[in-house]
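Numbering (the numbering used here), first residue to last: 85 to 424.
Given below as C-alpha cells:
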C-alpha cells in the first residue's frame, strides 16, 4: 500500500496518550522540513520496534507537552534532501540510524523524518531496508555493554541473558567476533536452537535449572568474566553469583534495591548501559561514537560475520499490533515496520 496522499502530507503513526497499543493511531500529518544546515530529510523505508518504544507508549514521553508524538528510534531509508552544511550525504543515498522517537525529535513510524546528519551512517549494501532498520539500537547497545562497559576480551567467557531477543542475538555474535566463549539463557528449545545457530557455545533453558549454578558448572566454578543482563532486577540479582570474581556485571535496566554484599565480596565492576543517554542529554560528542559503531558493524555485516534476524515484518498501519507482539515477549530477533 502506498500511504502518500498529497504534497506536503504524509502518513505517520501518532502516540495520542500514555496507555496500551490502542494509543497508536495512523494519521495524516505535515511532512517535516529541514530547518538547520546540518540536517537531512529521509524518506523512510522501515522502522525498527524496540522495547523502549513500548515503555514510552505505556508510561509517557520523556518530554512534557510533546503529544501527539511519532515514536520509533530506529530507521532506514533514502536521503530525500540535505541541508547546506551536509557534505557527506546526498539525495539518493541509503542510510540507517538511531535517533528520535522519545518526544522531542520526531521518530520513525512515518513516511519521512528530518534529523541531524551527524547521527546517520551509510546503510550496509547487503541489507534490505527492513533488515537495516532492525539493527542500530541493538548494535549500539550490545557493543557498549560488552566492550565499553564490560571490557570483554578474547578468551573470556560471557553470559548473555535472553540471547534470542533483540540485543541478545547480536550480542552473541559480537562476543564471538571478539573471541569470547558465549553462554546464553533461553526459554524454549526452539530458542536454544536459534542462539546456537548464531554461534553461542552453550544455551541454558532457565526454566529447567538454576542458571547461575549451570554457569558455574560450565566454567569449572569460575563464573563468567562478563555478564549482560537484558531482563531486569531478579535476573540481575541472581547473576551476581554467576559472575567471576573481579568480573563485570552490566545491565540495561534498573536493578532495584539489592543486597550488594556478594557483589562487593567478588570485587565486581557494575555497569549500566543506556544508549539513549546521548539523545536525552544532548551529548553531541557521542554522535561520532554511535556512528562509528554502526560503521564498524557494517563491515562485519558485509563480510558475512554478523546478521540481524527479523522475526516479524508488519506494515505501518500495524504499529499497534507490533507493540502487542513485542509486549508478549515470545519473538526471536526483531520486529520491523515496513513503510511502502
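Just so it is clear, CB atoms sit at the ideal spot from N, CA and C, and this is done for glycine as well.
Pairwise C-alpha distance: residue j and residue i
{"i": "residue 86", "j": "residue 174", "result": "Any reading at residue 86 must be qualified, since the residue scores a pLDDT of 46, below 50, and its modelled position is unreliable; the value itself is stated next. Whole-angstrom Cα-Cα distance: 24 Å."}
{"i": "residue 330", "j": "residue 310", "result": "10 Å"}
{"i": "residue 94", "j": "residue 360", "result": "27 Å"}
{"i": "residue 254", "j": "residue 355", "result": "19 Å"}
{"i": "residue 100", "j": "residue 156", "result": "14 Å"}
{"i": "residue 210", "j": "residue 292", "result": "39 Å"}
{"i": "residue 265", "j": "residue 256", "result": "9 Å"}
{"i": "residue 90", "j": "residue 151", "result": "Per-residue confidence for residue 90 stands at a pLDDT of 48, beneath the threshold of 50, marking its modelled position as unreliable; no derived number is given."}
{"i": "residue 223", "j": "residue 103", "result": "28 Å"}
{"i": "residue 141", "j": "residue 116", "result": "22 Å"}
{"i": "residue 420", "j": "residue 284", "result": "24 Å"}
{"i": "residue 299", "j": "residue 241", "result": "10 Å"}
{"i": "residue 227", "j": "residue 380", "result": "10 Å"}
{"i": "residue 375", "j": "residue 221", "result": "11 Å"}
{"i": "residue 294", "j": "residue 169", "result": "56 Å"}
{"i": "residue 422", "j": "residue 131", "result": "7 Å"}
{"i": "residue 352", "j": "residue 333", "result": "7 Å"}
{"i": "residue 303", "j": "residue 269", "result": "15 Å"}
{"i": "residue 149", "j": "residue 365", "result": "18 Å"}
{"i": "residue 107", "j": "residue 305", "result": "49 Å"}
{"i": "residue 122", "j": "residue 201", "result": "6 Å"}
Secondary structure of residue i, DSSP reduced to three states
{"i": "residue 309", "result": "strand"}
{"i": "residue 146", "result": "coil"}
{"i": "residue 279", "result": "helix"}
{"i": "residue 196", "result": "strand"}
{"i": "residue 202", "result": "helix"}
{"i": "residue 402", "result": "helix"}
{"i": "residue 140", "result": "helix"}
{"i": "residue 212", "result": "coil"}
{"i": "residue 333", "result": "strand"}
{"i": "residue 354", "result": "strand"}
{"i": "residue 102", "result": "coil"}
{"i": "residue 411", "result": "helix"}
{"i": "residue 153", "result": "strand"}
{"i": "residue 86", "result": "For residue 86, the predicted model reports a pLDDT of 46, less than 50, meaning its position is unreliable and no value from the coordinates is stated."}
{"i": "residue 328", "result": "strand"}
Unbroken alpha helix (DSSP H) run spanning residue i, endpoints
{"i": "residue 321", "result": "317-323"}
{"i": "residue 361", "result": "361-364"}
Presumed contact (8 Å Cβ cut-off) between residue i and residue j, rounded CB distance
{"i": "residue 235", "j": "residue 263", "result": "Rounded, the Cβ-Cβ distance is 14 Å, inconsistent with contact."}
{"i": "residue 161", "j": "residue 129", "result": "5 Å"}
{"i": "residue 395", "j": "residue 417", "result": "4 Å"}
{"i": "residue 145", "j": "residue 199", "result": "Not confirmed; about 17 Å, so no contact."}
Range covered by the beta strand (DSSP E) that runs through residue i
{"i": "residue 381", "result": "Note, residue 381: premise wrong, no beta strand (DSSP E); alpha helix (DSSP H) at 370-386."}
{"i": "residue 99", "result": "93-99"}
{"i": "residue 123", "result": "123-133"}
{"i": "residue 347", "result": "It is not in any beta strand (DSSP E) - residue 347 instead sits in the alpha helix (DSSP H) that spans 345-349."}
{"i": "residue 113", "result": "108-114"}
{"i": "residue 421", "result": "418-422"}
{"i": "residue 166", "result": "158-166"}
{"i": "residue 178", "result": "178-182"}
Residue i Cβ short of 8 Å to the ligand SAM heavy atom set
{"i": "residue 271", "result": "No copy of the ligand SAM appears in this structure; indeed no ligand is present at all."}
(message) So within the segment 222-299, which uninterrupted beta strand (DSSP E) runs reach at least 3 residues, ignoring any that extend past its ends?
(response) Along the segment 222-299, the beta strand (DSSP E) occurs as fully enclosed runs of 3 or more residues at 241-244, 265-270 and 286-289, listed in sequence order.
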